[in-house]
Amino acid sequence: MYQFNYERPKTLADAEALLAKADDPKILAGGQTLIPTLKQRLAMPSDLIDIGGIKDLDFIRAEGDAVMIGAATRHAKVAQSADVKKHNPALAALAAGIGDPAVRHMGTLGGSIANNDPAADYPAACLALDAKIHTTKRLIEADEFFKGMFETALQDSEIIKEVTFPHPEKAAYMKFRNPASRYAMVGVFVSKGPWGIRVAVTGAGQNGVFRVAEMEEALAKNWSPDAVANIKVPARGLNADLHGTAEYRAHLVTVMAKRAVAAAG
Amino acid sequence: MSEAAREGIGQPVRRKEDFRFITGNGHYTDDISRPRQTYAYFLRSPHAHARIRAIDTSAAETAPGVVAVFTGRQVADDGLGGLICGWTVTSKDGTPMKVGPHPILALDTVRYVGDHVALVVAETLADARAAAELIEVDYEALPATVALDACQASDAAQVHAEAPRNTCFEWELGNKAETEAAFARAARVVKLDLTNNRLIPNAMEPRAAIGEYDKGSGIYTLHTTSQNPHVARLVLSAFVGVAPEHKLRVIAPDVGGGFGSKIFIYAEETACVWAAAKVGRPIKWTGDRSEAFLSDAHGRDHLSHAELALDPDGKFLGLRVKTVANLGAYLSTFSAAVPTYLYGTLLSGQYDIPAIHVEVDGVYTHTAPVDAYRGAGRPEATYLLERIVETAARETGIDPAEIRRRNFIRSFPHQTPVIMNYDAGDYQASLDAALEEIDYRGFAARKSEAAKRGKLRGIGISSYIEACGLAPSAAVGSLGAGVGLWESAEVRVNPTGNVEVLTGSHSHGQGHETTFAQLVASRLGIPISNVEIVHGDTDKVQFGMGTYGSRSGAVGMSAIDKALDKIEAKAKKIAAHLMEAAVEDITFENGAFTVQGTDKSLVWAEVSLAAYTAHGFPAGEIEPGLKEGAFYDPTNFTFPAGAHICEVEVDPDTGIAEIVKFVAVDDFGTIINPMIVEGQVHGGIAQGIGQALLEHGVYDPTSGQLVTGSYMDYCMPRADDLPSFTLGFTKTICPSNPLGMKGCGEAGAIASPPAVINAVTDALGIRDIEMPATPARIWQALQSAAPRAAAE
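Just so you know, the protein sequences line up as chains A and B, in that order. Following our numbering, the numbering of the first sequence begins with 1 at its first residue and continues without gaps. Following our numbering, the numbering of the second sequence begins with 1001 at its first residue and continues without gaps.
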């Protein structure tokens, strides 16, 4: 680790002020990606602004037809929340399957989507559930938020406050884990709700999470596993490495979509 | 039952050492700190192959906290030798293996990513790391030789000028003419090309070292994560020349796993102990996991072509094998022995094969050194043989269990065509027990039931043998070993009757503090809590050879047993004197000395106290004291053997192979502690399944960068990758040591990979799949293969 200044503000306003004046700051939430990166000396921020001390960012609230989750809410809390389990069990199950217990008790929703790791789980949920991402500056639709591998619509001094997940009618997430890292090699989140039908894929794409229009259209006509069984996403643009070819990942998208629809009921 | 009997041989006693480990009270090398200690960081090569034009350390030397910076130049100027390989292999043309120099810090060339370029010593590890980034190395990057199948090409980049075509040796074993004759009269020849994948050991505790030097006495002390501290001291003194043997103390304290990777003498501990005298302060180095991936000696990595000749009844007539074995960029401490005398000698397996001929080319590549890793050569031999036997069964249509039965060795001793003389075994017994346990006859029904669920079910057998309990000194000496492979023990009985056992073996997870104490409890009738096992310190323990090759039971405990014989003999003499009886009339049982046919008796503690009071001992007949030592040299290897059977279900949609049943029936001869033995088998199978399905050390074929340099890409087996294992034991007593023991530490890793791959290929209806059989590879195989009919 290289040296850095460490700040732990108590309010969002203080955090924003610290962000604005630092040379090359990083926001520290759960630290499940950032801390290993620092330990390997792969990043050299001037300042770490730890938002863990801001109480207002850690909450889960069910209101009307949506669940609101604070950005600093840890995965384990989402997984165990009675409100999330009741209104959005697919989201609770997704949170329960992120990483391992240590990761789930440290990692946060805001940290996950701000980092936008192409193999992270939450981006698939946000995109498939038509989530609204509230920041210190504005509201960003999930469709507009994820911009590519490790890239989001967030500006430098912008902090995620909360994410609103409207209740789905039906939803499920199926993940094929990379055997070594246990990250999603292919994760498919399917949903049916006020927004229509959505199918979001994480892990497979070189540019991070993406939707599969052809599957969404097929499911709109016929909500059943068979509807997607013969739809293949193109291998082009998918990751290929020693864990599998792009063709294998394309195949797994179909398999996981089929299983997700079956699980959603 | 007395307490001693409850804790004696054969009892599943809980491990004495575990309380200390699980409560965080162990003392691993990194837990130890010495006064005025400094910290080491090694600058490593980012290139697989490069010439070093210049190294500028000036900025690093003046960086905050830096005590000193060393490069290969200073090491060479100090006259230090390089690291050695302790086993000389001779090529078939009679020439000795071609050894390139192995400097402690690179002089003018780096030969793998992670090779050692400079040592920075500083007040803190952070200071050392920061300073290392200031070292300017002017590299001229050169083409690298990485791929095993191309490294012997005439245009491949040369790793060492001493070894043309990157070939260290071209070794052979067996009778070529007889083997060719066997093939000439064969009714059928089965051929198979096989890859044995490279593995990276990953012991839980990374390697670590603390070097120090006492100016007053001139004594160097090295704390290090070693499986064999005396061997480390011998190499560092006699070959590297760090210090004379009597001025170097090597301590291997608690060590968290080795699996072979901590046998070897590496650059890091050598540099730390050498540099400690230069800076006049202790130097600590603790490797991190990334360094372990790069620089611990890797395992396996063979390419082989095998051919098996059969008669019309499926009897094996001959086996011929051609193997290319990767040695990496430098020869490590025992690397030449692994793909030769620990591999070719096991190719007869459990079978009566009249003629065998094996050729092995040991080759250099620009990758980390490859050396012994749990099983060392024997997993490679077993994989090859059990895969080709399975293939022969499929090609002849003979049931896989039946073809093995037809070829089993049934009388002992049995001389194989490849050196080994098997002393005892009953291969049919372990196979029958395993078949029974897994319900072999019911497999077809299970397969069709699985098919209804859309799963492909397969079954695979591995009837393995291995040679361990290394090893008769004369035998290994005649094969090129630079050392003898006996073991030593000293038993010290204290006046109060408790006992210290000093052993040349070293425990790094095996539970010696318990099993060795169980032997003493059985022999002397005292509780294991009254026995202290002392190991791992060259200042405390007499010269010993250490722990590897499943030798600590068969060889190490035999040495203790021999020393206990002497203890018992002397104690009887003392008891006879005390009870005024003839020594021939003294019996010793359950800790009591009795004059036969009388009620005169003394307990153990009375005799041990008398040994030290020595009142009235007849002069010249009984010396005071009760302390005896023994060196035990085994008369043969031991030959654990057994049958492992694996059942898998493959999900054709994802390619995931789930192990649904795994049965292992092993013959380890006498078992001291069944609980510990089961733990050893579990761990070995986990590593074998890791090799078969999960683990793969991969270098980029062009750049030579290690692609699997962390757990993000190197897939270690986890609990949920493994089934519950069903274990069974058969027993033939090993006649080659006094306790009748065979080794159990490596058997699981040796036996299991072919069982798994035989099951996977059976499920898929294909001839072969490369290890590890990952979901991606299995799915790919399903896309390209025409699966066999379900009825087959």
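Just so it is clear, CB atoms sit at the ideal spot from N, CA and C, and this is done for glycine as well. Keep in mind it's a predicted model, so treat the numbers as computed, not measured.
Taking residue i and residue j to be in contact with their CB atoms under 8 angstroms, please state how far apart those CB atoms are, rounded to whole angstroms.
{"i": "M1545 (chain B)", "j": "W1604 (chain B)", "result": "Between W1604 (chain B) and M1545 (chain B) the Cβ distance is about 30 angstroms, and since that is not below 8 angstroms, they are no contact."}
{"i": "V1324 (chain B)", "j": "C1168 (chain B)", "result": "11 angstroms between Cβ atoms; not a contact."}
{"i": "G1260 (chain B)", "j": "A1372 (chain B)", "result": "4 angstroms"}
{"i": "H1087 (chain B)", "j": "F1334 (chain B)", "result": "It should be noted that the sequence gives Trp, not His, for residue 1087 (chain B). Rounded, the Cβ-Cβ distance is 6 angstroms, consistent with contact."}
{"i": "V188 (chain A)", "j": "M256 (chain A)", "result": "4 angstroms"}
By the criterion of Cβ-Cβ separation under 9 angstroms, what are the contact partners of residue i in chain A?
{"i": "A1420 (chain B)", "result": "Strictly speaking, residue 1420 (chain B) in this sequence is Met, with Ala absent from that position. Residues of chain A passing the Cβ test: none, with the nearest at roughly 37 angstroms."}
{"i": "Q1780 (chain B)", "result": "G244, T245, E247, Y248"}
Name the two residues that bound the continuous alpha helix (DSSP H) containing residue i.
{"i": "Y1383 (chain B)", "result": "1378 to 1396"}
{"i": "N1758 (chain B)", "result": "1747 to 1764"}
{"i": "S1335 (chain B)", "result": "Careful: S1335 (chain B) lies outside any alpha helix (DSSP H) and carries neither H nor E."}
{"i": "A1122 (chain B)", "result": "A1122 (chain B) -> not in any alpha helix (DSSP H); beta strand (DSSP E) instead, spanning 1116 to 1122."}
{"i": "G1082 (chain B)", "result": "No alpha helix (DSSP H) contains G1082 (chain B), which DSSP labels as neither H nor E."}
{"i": "D226 (chain A)", "result": "225 to 229"}
{"i": "N115 (chain A)", "result": "109 to 115"}
{"i": "L1524 (chain B)", "result": "1512 to 1524"}
Grab the span of the beta strand (DSSP E) containing residue i for me, first residue to last.
{"i": "H1230 (chain B)", "result": "Premise fails: H1230 (chain B) lies in the alpha helix (DSSP H), 1229 to 1234, not in any beta strand (DSSP E)."}
{"i": "W1285 (chain B)", "result": "1283 to 1286"}
{"i": "K39 (chain A)", "result": "No beta strand (DSSP E) holds K39 (chain A); the alpha helix (DSSP H) holding it covers 34 to 39."}
{"i": "W1274 (chain B)", "result": "No beta strand (DSSP E) contains W1274 (chain B), which is instead part of the alpha helix (DSSP H) from 1267 to 1279."}
{"i": "R1198 (chain B)", "result": "1188 to 1199"}
{"i": "A66 (chain A)", "result": "66 to 70"}
{"i": "T135 (chain A)", "result": "132 to 135"}
{"i": "D1802 (chain B)", "result": "Residue 1802 (chain B) lies beyond the range of chain B shown here (1001 to 1792); nothing can be said about it."}
{"i": "Y1220 (chain B)", "result": "1219 to 1224"}
{"i": "T1730 (chain B)", "result": "1726 to 1730"}
{"i": "E1170 (chain B)", "result": "1167 to 1174"}
{"i": "G1211 (chain B)", "result": "1208 to 1214"}
Can you tell me which of the options puts its alpha carbon nearest to the alpha carbon of residue i?
{"i": "R1446 (chain B)", "options": "B:E1437, B:I1459, B:E1436, B:L1435", "result": "B:I1459"}
{"i": "K86 (chain A)", "options": "A:A13, A:N178, A:H167, A:P225", "result": "A:H167"}
{"i": "V261 (chain A)", "options": "A:P45, A:I69, A:V190", "result": "A:V190"}
{"i": "V1273 (chain B)", "options": "B:Y1213, B:G1256, B:V1231", "result": "B:Y1213"}
{"i": "M1557 (chain B)", "options": "B:V1607, B:G1280, B:A1489, B:L1319", "result": "B:A1489"}
{"i": "H1644 (chain B)", "options": "B:Y1341, B:T1594, B:A1611, B:N1758", "result": "B:N1758"}
{"i": "A1845 (chain B)", "options": "B:H1223, B:T1391, B:D1149, B:L1234", "result": "This structure leaves residue 1845 (chain B) out entirely; chain B is present only between 1001 and 1792."}
{"i": "T1702 (chain B)", "options": "B:L1148, B:D1537, B:P1472", "result": "B:L1148"}
{"i": "A1657 (chain B)", "options": "B:L1694, B:T1496, B:D1633, B:Q1680", "result": "B:L1694"}
{"i": "D1721 (chain B)", "options": "B:V1681, B:T1732, B:V1648", "result": "B:V1648"}
{"i": "A1177 (chain B)", "options": "B:L1764, B:H1357, B:D1078, B:G1688", "result": "B:H1357"}
{"i": "D1288 (chain B)", "options": "B:I1251, B:G1114, B:K1092, B:Q1152", "result": "B:G1114"}
{"i": "D982 (chain B)", "options": "B:R1410, B:F1316, B:A1309, B:R1198", "result": "Residue coverage of chain B in this structure runs from 1001 to 1792, which leaves residue 982 (chain B) outside it and unanswerable."}
{"i": "C1085 (chain B)", "options": "B:A1128, B:L1327, B:G1079", "result": "B:L1327"}
{"i": "M174 (chain A)", "options": "A:S181, A:M185, A:T164", "result": "A:M185"}
{"i": "L34 (chain A)", "options": "A:N116, A:F59, A:I60, A:K77", "result": "A:N116"}
{"i": "E162 (chain A)", "options": "A:L109, A:V212, A:F210, A:A120", "result": "A:L109"}
{"i": "Y1457 (chain B)", "options": "B:Y1714, B:A1063, B:V1660, B:A1329", "result": "The residue you asked about is not Tyr; residue 1457 (chain B) is Arg in the sequence shown. R1457 (chain B) has its Cα closest to that of B:V1660, out of B:Y1714, B:A1063, B:V1660, B:A1329."}
{"i": "Y1612 (chain B)", "options": "B:F1543, B:T1496, B:F1725, B:G1642", "result": "B:T1496"}
{"i": "E1678 (chain B)", "options": "B:T1635, B:G1745, B:V1418", "result": "B:G1745"}
{"i": "K137 (chain A)", "options": "A:E169, A:E7, A:A13", "result": "A:A13"}
{"i": "V1360 (chain B)", "options": "B:E1380, B:R1374, B:T1367, B:G1349", "result": "B:E1380"}
If the cut is a Cβ gap below 7 angstroms, which residues of chain B does residue i touch?
{"i": "L252 (chain A)", "result": "T1654"}
{"i": "V255 (chain A)", "result": "D1653, T1654"}
{"i": "F176 (chain A)", "result": "T1654"}
Residues of chain B with CB under 8 angstroms from residue i, in chain order?
{"i": "F4 (chain A)", "result": "The contacting residues do not exist; F4 (chain A) stays about 13 angstroms from chain B at best."}
message: Please identify, using Cβ separations under 7 angstroms, the residues of the segment 1685 to 1716 of chain B that lie next to chain A, in order along the chain.
response: L1694, V1698, V1707, Y1711, M1712, D1713, Y1714, C1715
- request: Give the residues from the segment 179 to 192 of chain A that approach chain B closer than 7 angstroms (Cβ to any Cβ), ordered along the chain.
  value: P179, A180, S181
- prompt: In chain order, what residues of the segment 220 to 248 of chain A put their CB closer than 9 angstroms to some CB of chain B?
  reply: D241, L242, H243, G244, T245, E247, Y248
message: Using a Cβ-Cβ cutoff of 8 angstroms, what residues of the segment 1747 to 1776 of chain B are near chain A? List them in chain order.
response: T1774, P1775, A1776
- prompt: Just by C-beta distance, which residues in the segment 134 to 168 of chain A are closer than 8 angstroms to chain B?
  reply: Result list empty, no residue passes.
- prompt: the segment 1163 to 1175 of chain B: which residues have C-beta closer than 9 angstroms to a C-beta of chain A, in chain order?
  reply: none
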